[in-house]
Amino acid sequence: MKTPNGKISVVLAIYNVAPYLRQCLNSIVNQTYRNLEIICVDDGSTDESGAICDEYAARDDRMVVIHQKNQGVSSARNRALSQITGQYVYFTDSDDWLELDMLETLHAMMDEDHSVQITQCGYFFDYPDHCQPVENHLSVPETPLSMRDFLYYIYRRDEYRGVASYLWCKLFPSCFFDGRIAMLRFASNLCMGEDVILAAQCYLLADKTRYTSRPLYHYRQQEGSAMHNMDR
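Counting in full-length UniProt numbering, the sequence shown runs from 1 upward without gaps.
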């Protein structure tokens, strides 16, 4: 069931991202949508990432920090999913960052039409010296679409670069993860592509989705980025 002002469970898997983590966490705790629980799983970081999470949790009671031995991004995200209590779930990479109204925008799009089960936004490529919006070469409808119709745009990447298959530009209902409809989890035996697989499983469960081309997520582009190489 859709819930006005329902809680969003924000899931972060964290490994050795200390140089970027404060920017990420600041962009989450300062979201204009306030009803959040922020679940940070420190996956055995050897830098200051775990301590930074603890510092933020001491100041913000919406944040829960779990420290575990290094097991990889899928294990860390699955650990977080076992803790969610919200009506919605959002995943972000902990070396990227969000526009401050991203979650409010995605929630409002879902709340306006109760047949919509996944909402999605555009994004920026964030380089060390500038950020660049990722644009579609052709227009994409910004009204509710069946998942079958929406998949047409996701998988025609040459024309629709701004419609990404990544998790971090989407908001999901928690019923896909808490057993009410499904108990989806990340495949722990994969070292890459586990997010795209889980997104595809979500598509199969959804009736409709809605997209905005407005870029609201900053996808950091930097060689050797810790989160984008989290599984070793």
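Even for Gly, the Cβ is constructed at its ideal location relative to N, Cα and C.
Return the first residue and the last residue of the beta strand (DSSP E) that residue i is part of.
i: alanine 13; result: 8–14
i: glutamine 31; result: Run containing glutamine 31: none; DSSP gives neither H nor E here.
i: tyrosine 166; result: Segment: none, tyrosine 166 is in no beta strand (DSSP E) and carries neither H nor E.
i: tyrosine 213; result: Checking the sequence, you will find serine at residue 213 rather than tyrosine. Unbroken beta strand (DSSP E) run through serine 213: 208–220.
i: cysteine 191; result: Per DSSP, cysteine 191 belongs to no beta strand (DSSP E) and is neither H nor E.
Ignore the nearest five residues each way along the sequence and tell me which others in residue i's own chain have a CB closer than 8 angstroms to its CB.
i: histidine 107; result: Gly6, Ile8, Tyr33, Tyr88, Thr119, Leu171
i: leucine 145; result: Lys208, Thr209, Arg210, Tyr211
i: aspartate 101; result: Gln31, Thr32, Tyr33, Leu216
i: glutamate 142; result: Arg210, Tyr211, Thr212, Ser213
Let me make sure I understand the geometry here. Which of the options has the alpha-carbon closest to that of residue i?
i: tryptophan 168; options: Tyr219, Phe177, Asn70; result: Tyr219
i: lysine 208; options: Asp96, Gly193, His114, Phe91; result: His114
i: tyrosine 127; options: Gln71, Gln222, Val163, Leu184; result: Gln222
i: valine 196; options: Asp95, Ser213, Ser74, Ser82; result: Ser74
i: valine 65; options: Cys24, Leu151, Cys53; result: Cys53
i: serine 45; options: Arg148, Ile84, Ile14; result: Ile14
i: tyrosine 56; options: Phe150, Met109, Ile38; result: Ile38
Quick check: what's the CA-CA separation for residue i versus residue j?
i: methionine 230; j: arginine 161; result: Because the pLDDT at methionine 230 is just 43, under 50, the model does not fix this residue reliably, and the point stays unresolved.
i: arginine 232; j: aspartate 42; result: Reliability fails at arginine 232, whose pLDDT of 35 lies under 50, so the model's placement of it is uncertain and no value is given.
i: alanine 76; j: aspartate 158; result: 32 angstroms
i: valine 163; j: tyrosine 153; result: 7 angstroms
i: alanine 226; j: glutamine 68; result: Bear in mind that the predicted position of alanine 226 carries a pLDDT of just 43, short of 50, making it unreliable; the figure below should be weighed with that in mind. Alanine 226 and glutamine 68: Cα-Cα distance of roughly 17 angstroms.
i: glycine 122; j: glutamate 135; result: 8 angstroms
i: glutamate 99; j: arginine 59; result: 21 angstroms
i: cysteine 202; j: aspartate 61; result: 30 angstroms
i: valine 29; j: methionine 183; result: 27 angstroms
i: proline 19; j: methionine 63; result: 20 angstroms
i: leucine 198; j: aspartate 129; result: 32 angstroms
i: arginine 155; j: asparagine 70; result: Correcting the residue identity first, residue 155 is tyrosine in this sequence and not arginine. Looking at the two C-alpha atoms, the distance is approximately 33 angstroms.
i: serine 213; j: glutamate 112; result: 17 angstroms
i: leucine 21; j: aspartate 47; result: 11 angstroms
i: leucine 190; j: asparagine 78; result: 13 angstroms
i: methionine 109; j: glycine 72; result: 32 angstroms
Taking only heavy atoms of the ligand SAH into account, decide whether any of them is closer than 7 angstroms to the Cβ of residue i.
i: valine 65; result: Ligands are entirely absent from the displayed structure, and the ligand SAH is therefore not among its contents.
Ignore the nearest five residues each way along the sequence and tell me which others in residue i's own chain have a CB closer than 6 angstroms to its CB.
i: tyrosine 90; result: Ile8, Val10, Leu171
i: leucine 204; result: none
i: serine 188; result: Ser74, Ser75
i: aspartate 149; result: none
i: serine 165; result: Ile154, Val196, Ala199
What are the boundary residues of the alpha helix (DSSP H) that residue i is part of?
i: glycine 50; result: 49–59
i: glutamine 83; result: Unbroken run through glutamine 83: none, as it is neither H nor E.
i: glutamine 201; result: 194–205
i: arginine 148; result: 147–154
i: leucine 103; result: 102–111
Quick one: is residue i buried, meaning 16 or more other Cβ sit within 10 Å of its Cβ, or exposed?
i: methionine 192; result: exposed
i: glutamine 117; result: buried
i: asparagine 26; result: exposed
i: serine 139; result: exposed
i: threonine 85; result: exposed
i: serine 82; result: exposed
i: aspartate 178; result: buried
i: alanine 51; result: exposed
i: proline 173; result: buried
i: threonine 92; result: buried
i: alanine 80; result: buried
If I measure Cβ to Cβ from residue i and keep anything under 7 angstroms in the same chain, skipping five residues before and after, which residues do I get?
i: alanine 206; result: Gln117, Ile118, Met147
i: glutamine 23; result: Trp97
i: glutamine 132; result: Phe124, Phe125
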